[in-house]
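Each remark here refers to the structure printed beneath this line.
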Amino acid sequence: MQYDRTLLRNAARGTGDKTPADVARRLNVGRMAAWRLWNGHGTPAATTAAAAERAYGVPASALVQPLTAEAAA
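In this note's numbering, each residue carries its 1-based index in the sequence shown increased by 49.
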């Protein structure tokens, strides 16, 4: 799976969330989980992606995409 942090960051900024700490509070996740989301390290868990969808209106399916053959190579 591939995660695009740009979508999350743009949606978060649209609600006034400017830091990973803001994201952690809004999504009710740990600071490290929010930092990983904000910086694009790893793929969010399904529950975290669902929380982002509820909080920011970004579909979880848009945040996490299957790897293409090109990206996997």
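Note that CB positions come from ideal geometry on N, CA and C, so glycine has one too.
Remember, predicted model here, so these are calculated numbers, not experimental data.
Annotation for Thr96: the continuous alpha helix (DSSP H) segment containing it runs 95-105. Comparing alpha-carbon positions, the option among Asp66, Trp84, Asn88, Gln51 lying closest to Tyr105 turns out to be Asp66.
By the criterion of a C-beta distance shorter than 6 Å, Pro69 is surrounded in its chain by Ala83, Trp84, Trp87, once the five residues flanking it on both sides are discounted. In its chain, beyond the 5 residues on either side, Ala73 have a beta carbon closer than 6 Å to the beta carbon of Arg80. The beta carbon of Leu112 sits closer than 7 Å to those of Tyr52, Asp53, Leu56, Leu57, Pro93, Ala98, Ala101, all from its chain and outside the five residues before and after it, given in chain order.
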